[in-house]
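Enquirer: Residue numbers (the working numbering): 5 to 272. Glycine included, each C-beta is placed from N, C-alpha and C at the ideal position. Computed from a prediction, not measured in an experiment: that's the story for all the values here.
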Ligand SMILES: NC(=O)c1ccc[n+]([C@@H]2O[C@H](COP(=O)([O-])OP(=O)(O)OC[C@H]3O[C@@H](n4cnc5c(N)ncnc54)[C@H](OP(=O)(O)O)[C@@H]3O)[C@@H](O)[C@H]2O)c1
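Below you can see the structure in the form of structure tokens.
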């Protein structure tokens, strides 16, 4: 199926790794022009270079990668300006950049609560405010917020992240209502446990006497969390759904969320 993304301009924050990188790749494959950002500029450049090298076509002309921390409103504004200077428009925005804080309520310091809320909210609000007029000018403006099942199903080992995720899901609904008159759809993808940098880092930080392989470690994790499909997801399983939601073909979908979580959500 043609997602009608050819020549569309899509901004993906956090495109140097995991879900964001997979989405940048999928969007480029669909013929879109893509702008992405991350903080670690060396990793971003390496990721961009490998995407360009693996493609025989015109990907270099359709990809903009810029150093930018989504918490910094001025930097985000410059990133969005650079996107419009380069591509002339913005049709889609995928707010993907972020990470989680693996701490229980009693372990979470005051400044960590604030930092977690700042990342989750400014990581959406800064790009949206900067891109809003361009999304409204598109005939198919769409925002996708990459969120987590934690928004509906709190995990005590991720206390602050769960609370921040719930707030972001709530905000996404409000945005879908407020931006509808401007022709902008706003939806969420709710991730379960996806095999990306986040979980690989936790695996590397496991106890010295834990000699399990990644497959054993992640299999035990899936069993512990009760994932129906019995495994962690992979980034392309998320990027496909995000690309679908940002596509003009999803023109009657707004204010909703799709779980990409292997059935870990117990709610109906
Ligand atoms: N993997 C999971 O199981 C899972 C579950 C639920 C939700 N999520 C969410 O899904 C999104 C993607 O995560 P992932 O698993 O693909 O993680 P990842 O592999 O660690 O990639 C995260 C990306 O975001 C960028 N990033 C992080 N903080 C940023 C900031 N402040 N400003 C700009 N870029 C930033 C990172 O680059 P730099 O570090 O260089 O900035 C990287 O490109 C995140 O929001 C994450 O919280 C993931």
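Checking 8 Å against the spacing of the C-beta atoms, do residue 153 and residue 269 come in under that value?
Expert: It is a contact, given that the beta carbons lie within the stated cut-off.
Enquirer: Three or more C-beta pairs closer than 8 Å, one from the segment 20-31 and one from the segment 233-252: is that the case here?
Expert: yes
Enquirer: If residue 135 and residue 181 are in contact, beta carbons under 8 Å, what's the gap, nearest whole angstrom?
Expert: About 18 Å; that fails the 8 Å criterion.
Enquirer: From residue 157 to residue 62, what distance separates their C-alpha atoms?
Expert: 42 Å
Enquirer: Report back the beta-carbon spacing between residue 74 and residue 126 to the nearest angstrom; my notes put them in contact at under 8 Å.
Expert: 7 Å
Enquirer: Taking Cβ to Cβ, would you say residue 9 is nearer than 8 Å to residue 39?
Expert: no
Enquirer: With DSSP run on the structure shown, which of helix, strand or coil describes residue 104?
Expert: DSSP, read as helix, strand or coil, puts residue 104 in coil.
Enquirer: To the nearest angstrom, how far is the alpha carbon of residue 168 from that of residue 121?
Expert: 5 Å
Enquirer: Is there contact between the segment 210-230 and the segment 128-145, where contact requires at least three CB pairs shorter than 8 Å?
Expert: no
Enquirer: Report yes if the C-beta of residue 42 is less than 7 Å from at least one heavy atom of ligand 1; otherwise report no.
Expert: yes
Enquirer: Who pairs with residue 152 in a beta bridge, going by DSSP?
Expert: 195
Enquirer: Is residue 14 a contact residue of ligand 1, with contact defined as CB to any heavy atom under 7 Å?
Expert: no
Enquirer: Please report the distance separating the alpha-carbon of residue 16 from that of residue 211.
Expert: 34 Å
Enquirer: Thinking C-beta only, is residue 109 closer than 8 Å to residue 41?
Expert: no
Enquirer: From this set, 89, 194 and 124, which residue's C-alpha is nearest residue 104's C-alpha?
Expert: 124
Enquirer: Any idea what DSSP makes of residue 242, helix, strand or coil?
Expert: helix
Enquirer: So, for residue 258: in the same chain, excluding its five sequence neighbours on each side, which residues have a beta-carbon less than 8 Å away from its beta-carbon?
Expert: 180, 184, 189, 190 and 191
Enquirer: In angstroms, rounded to a whole number, what distance separates the CA positions of residue 209 and residue 218?
Expert: 12 Å
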